[in-house]
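Scroll down for the structure; my scribbles are underneath it.
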Amino acid sequence: MNIIPRDQHCISRKHISDSALKVMSRLRKGGFQAYLVGGAVRDLLRGAHPKDFDVATDATPEAVNELFRNSRIIGRRFRIVHVRFGREIIEVTTFRGHHDSTPDTAQSKGASKHHSQQSASGLLLRDNVYGTLAEDAARRDLTINALYYDSEKFEVFDQVDGLEDMAQQQIRIIGDPDQRYTEDPVRMLRVLRFAAKLSFGIAPDTAAAIPRCAHLLEQIPSARLFDEFLKLFLGGYAAATLDQLIQHDLLRYLFPETCIALEEHPTGQALVEAAMVSTDVRIAADKPVTPAFILAALLWPVVDNAFQRRKAGDEPPMVAIHGAGQDAISAAAQHLSIPRRFSQPMREIWEFQLRLQRKTGRKALELLEHRRFRAAYDFLLLREQAGEETDGLGPWWTEVQTLSKPEREEKMASKGRRNRPGRNRTQRPKHTE
Ligand code: ATP
Ligand code: MG
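Okay, structure coming up:
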């Protein structure tokens with residue numbers, strides 16, 4: 001084990017949240033070990049602000065739970081404890097041991113009933129065997145995520161040459177890549193996510209095993225894949241992450257229909273990329289982003305291809321876009337469980353692309369007041385930016401938003417029906433000739 005003293009690394013307690021320091025000190029007073037671990041140590045070493053602070057300990061989840069009134073045990077696959085301080089949550093994990101070892105290395109009487117389970121194919125289903133710090137380090141995914149900081153002695157513990165990889169700016173999986181991806185295929189997505197986020201390279205062995213193990217991602221439950229999708233695309237590095245996913249051919253495990261549709265959609269890739277860039281820009285500016293918008297973009301090539309086909313088959317446009325959206329969502333849901341609170345707005349964004357074609361009249365005016373107008377308008381601009389032909393709709397909607405209400409009503413009044421009060425839909429004569 002490599003132990004780096006305080007004068008040889010740049011981590012300072014000043015940059016660690018008080019809550020995390022409190023948790024570690026209380027654990028130590030309770031006779032346990034406690035270290036800051038994972039993303040926080042990695043980010044502190046890079047001089048970045050960690051987004052959250054995770055603590056590793058040799059105390060069992062039950063023991064941690066007993067020490068902190070403001071805590072609860074969560075998780076099944078990995079049981080961890082959340083200690084809450086106002087809006088901040090400190091995640092406390094118990095050192096994990098080797099999943100193939102007997103639980104006698106564990107420190108707790110409860111260990112025997114929380115052992116690990118592997119499926120016939122080697123997938124790790126449960127992993128609640130407790131162990132030592134060294135074992136815990138070996139169980140983590142990447143070397144740069146397996147550094148531990150002791151906030152009492154100010155030392156960094158490095159069991160897996162993580163500091164070396166930090167210095168080399170490289171993502172390396174711990175242990176044998178094929179075995180580690182087989183245990184948990186999501187680690188492949190994590191490799192790409194961190195490579196994108198940190199602008200690090202990927203160690204040759206770590207990258208080489210991806211094509212061999214990629215198919216294992218098919219086994220991942222759609223709910224977990226959706227969680228991972230959120231981390232991949234809403235972490236502020238969606239554009240770079242998309243590049244990595246395409247480069248390593250993993251996008252097709254998240255969005256298989258999109259990958260197929262892109263082959264025949266001339267502007268699809270540009271639209272998806274533009275949506276990623278705009279998401280990253282919004283996150284960097286602290287503006288809100290919704291998964292519905294990104295998903296609407298990622299599935300647009302699928303929707304639009306189907307829409308064009310349906311229209312060519314004589315379906316009325318509104319029916320065609322509705323059906324195309326419906327089908328795209330059902331197909332995507334086979335891999336990613338998209339909650340209804342996102343799929344509904346996605347449908348609205350797509351259908352709005354047709355409704356925005358109506359530039360005049362009462363209905364067009366009402367669109368401006370619709371709660372989905374903003375997202376749909378932004379989406380329209382991205383389609384134009386990607387090179388889709390929309391007959392100048394974007395500039396039209398941009399302009400009308402700058403007008404005062406009377407100016408707007410004048411500009412958008414429907415032609416031929418102006419100044420004809422007293423007429424309504426039922427009285428209007430049919431245009432026959
Ligand atoms: P972020 O800044 O994105 O939160 P993080 O490194 O903290 O990065 P988390 O997903 O919060 O990432 O995970 C916390 C730690 O748990 C990781 O640093 C890693 O050590 C470990 N870990 C997470 N997922 C896995 C996994 N699938 N296999 C092995 N270890 C994992
Ligand atoms: Mg984290």
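FYI, full-length UniProt numbering numbers position 396 of the sequence shown as 396, with every residue one higher than the one before it. Just so it is clear, CB atoms sit at the ideal spot from N, CA and C, and this is done for glycine as well. Only a predicted model underlies this, so the values are computations on that prediction, with no experimental measurement involved.
What is the DSSP secondary structure of residue 335, counted as helix, strand or coil?
Residue 335: coil per DSSP, three-state reduction.
Kindly identify the DSSP beta-bridge partner or partners of residue 85.
Looking at the DSSP output, residue 85 shares a beta bridge with 88.
Could you tell me the alpha carbon to alpha carbon distance between residue 251 and residue 31, rounded to whole angstroms?
One C-alpha to the other measures close to 46 Å.
Which residues share a DSSP beta bridge with residue 130?
Beta-bridge pairing links residue 130 to 96.
With respect to 7 Å, is the separation between the Cβ of residue 39 and the closest non-hydrogen atom of the ligand MG below this value?
Yes; taking the cut-off as 7 Å, the Cβ of residue 39 has a heavy atom of the ligand MG nearer than that.
Compute the Euclidean distance between the alpha carbons of residue 371 and residue 352, then round it to the nearest angstrom.
Note on geometry: alpha-carbon atoms of residue 371 and residue 352 lie some 11 Å from one another.
C-alpha gap between residue 426 and residue 232, whole angstroms:
In this prediction, residue 426 has a pLDDT of 45, which is less than 50 and means its spatial position is unreliable; nothing more can be read from the coordinates.
Quick one: grab the DSSP three-state call for residue 279.
Correct three-state label for residue 279: helix.
State the start and end residues of the unbroken beta strand (DSSP E) segment that holds residue 200.
Where residue 200 is concerned, there is no enclosing beta strand (DSSP E), given that its DSSP letter is neither H nor E.
Given that a residue counts as buried once 16 or more other Cβ atoms are within 10 Å of its Cβ, and exposed if not, what is residue 305?
Answer is buried; the Cβ neighbour count reaches 16.
Considering only residues of the same chain and omitting the five flanking positions on each side of residue 373, which have a CB-CB separation below 7 Å?
Taken in chain order, the residues that qualify are 367.
Going residue by residue through the region 175-257, where are the continuous alpha helix (DSSP H) segments of at least 4 residues, counting only ones entirely within it?
If we require 4 residues or more, the alpha helix (DSSP H) runs fully inside the region 175-257 come out as 177-183, 186-198, 204-213, 222-233, 238-247, 251-254.
Cut-off 8 Å between Cβ atoms - residues of its own chain near residue 316, not counting five sequence neighbours on either side
Same-chain partners within the cutoff: there are none.
Note down the Cα distance separating residue 163 from residue 53, rounded to an integer number of angstroms.
Residue 163 and residue 53: Cα-Cα distance of roughly 19 Å.
For a test of your reading of the model: does the CB of residue 141 fall under 7 Å from any non-hydrogen atom of the ligand NAD? Yes or no.
The ligand NAD is not among the ligands present in this structure, which contains only the ligand ATP and the ligand MG.
Kindly list the residues whose CB is nearer than 8 Å to the CB of residue 234, restricted to its own chain and excluding five residues on each side of it in sequence; keep chain order.
Excluding positions up to five away in sequence, the list reads 279, 283, 289, 291, 294.
Would the beta-carbon of residue 160 fall within 8 Å of that of residue 149?
Using a Cβ distance threshold of 8 Å, residue 160 and residue 149 do not count as a contacting pair.
Collapsed DSSP secondary structure at residue 140 in the structure displayed:
Residue 140 sits in coil when the DSSP states are folded into three classes, being neither helix nor strand.
With 16 other CB atoms within 10 Å as the buried threshold, where does residue 88 fall?
Residue 88 should be labelled exposed.
For residue 1, count neighbouring Cβ atoms within 10 angstroms of its own Cβ and tell me buried if that reaches 16, exposed if not.
Looking at its Cβ environment, which holds fewer than 16 other Cβ atoms inside 10 Å, residue 1 is exposed.
Which of the three DSSP states, helix, strand or coil, is assigned to residue 261?
If DSSP states are grouped into helix, strand and coil, residue 261 belongs with the helices.
Cα-Cα separation between residue 314 and residue 141, rounded to whole angstroms:
For residue 314 and residue 141, the gap between their C-alpha atoms comes out near 52 Å.
Exposed or buried, what is residue 8 when buried is set at 16 or more other beta-carbons lying within 10 Å of its beta-carbon?
Burial call: exposed.
Could you tell me whether the region 183-198 touches the region 68-82, where touching means 3 or more Cβ pairs closer than 8 Å?
Touching, no, given that fewer than three Cβ pairs across the two stretches are closer than 8 Å.
Rounded to the nearest angstrom, what separates residue 483 and residue 348 at their Cα positions?
Since the displayed the chain opens at 1 and closes at 433, residue 483 lies outside it and no answer follows.
Considering only residues of the same chain and omitting the five flanking positions on each side of residue 331, which have a CB-CB separation below 6 Å?
Cβ within range, chain order: 257.
Taking 7 Å as the limit between beta carbons, can you name the residues of its chain near residue 431, skipping five residues before and five after?
Because the pLDDT of residue 431 is 48, which lies under 50, any placement of that residue in the model is unreliable, and the question is left without a value.
Considering only heavy atoms of the ligand MG, does any lie closer than 7 Å to the CB of residue 43?
Residue 43 Cβ: outside cutoff for every heavy atom of the ligand MG.
Does the Cβ of residue 335 have 16 or more other Cβ atoms within 10 Å, making it buried, or fewer, making it exposed?
So residue 335 ends up on the buried side.
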